[in-house]
Amino acid sequence: MIWSTIDGVLFALDKFIFIAYFLLLVAAMLLQRKVSSFVITLIVLTVANGAMTSLSPMLYQYSIQPGVFTKFVWYASFAAIDMLAVFLLFKFHQLLKQNVGFIANLVGLYFVTFAMLQTLRFVDRYVLNTELLQQVYQHAIPALNLVLVPIILICWVSEMRLNQLYVKAGMTR
């Protein structure tokens with residue numbers, strides 16, 4: 683399979699990734715039936731991912747117009763959504779008096795990484811004119827999006843099992 687085909691598949695998965703986040707959120711709300719770090723994290727992740735997925739076509743149409751400002755809008759919009767998501771993630775934990783769990787920290791790191799990739803790619807491409815990060819940007823973002831879903835699922839199942847062990851042992855966590 684050639685890289686352009688792989689890229690096409692990875693980018694086509696955006697809608698399915700959003701659906702996976704949404705289904706995880708519904709499952710978490712049904713199983714936990716209370717506010718938790720995991721539910722807060724999935725709400726922020728789902729809303730941010732949905733915003734980016736729905737804005738992508740419009741931003742792309744704008745960014746293909748001539749001028750560096752239109753390219754800046756592309757990269758800056760995604761970086762801004764990522765950083766807003768980080769802020770909301772931790773602010774909601776604070777407002778709802780929830781401890782920040784491992785998955786929340788992982789997702790926070792994910793958003794910061796994406797914002798950094800957006801910023802560095804813009805600087806690389808339009809300020810320094812080097813194209814050094816082209817391959818990293820092109821493949822890292824869809825690959826990280828794809829891999830985050832199973833990582834979250836594995837961490838959540840592990841966390842639930844650990845909580846069950848604590849309950850069986852008569853300990854609180």
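The numbers in the sequence shown follow the numbering used here, run straight up by one, and end at 855. Yeah, the Cβ is synthetic: ideal placement off N, Cα and C, and Gly gets one too. Predicted, not measured: the structure shown is a model, and the values here were computed from it.
Counting the other CB atoms within 10 Å of its CB gives N845 a total below 16, which places it among the exposed residues. Ranking N787, T723, A761 and V726 by CA distance to the CA of S738 puts A761 first. Counted as a single uninterrupted DSSP element, the alpha helix (DSSP H) harbouring Q743 occupies residues S719 to S745.
The beta-carbon separation of K753 and S745, rounded to 6 Å, stays under the 8 Å limit for a contact.
In terms of Cβ geometry, S719 and A767 do not form a close pair [threshold 8 Å]. Taking a C-beta distance under 8 Å as the contact criterion, V717 and A710 do not qualify as a contact pair.
Straight-line measurement puts the Cα of Y757 at about 6 Å from the Cα of F804. When the Cα atoms are used, N827 and V849 turn out to be separated by approximately 34 Å. In its chain, beyond the 5 residues on either side, T728, N731, G732 and T735 have a beta carbon closer than 8 Å to the beta carbon of F700.
Residues T723 and L727 of the same chain have their beta carbon placed closer than 6 Å to that of V789, with the five preceding and five following residues left out of the count. Cβ contact annotation for L695 (same chain, cutoff 8 Å, sequence separation greater than five): P824, N827 and L828, in chain order.
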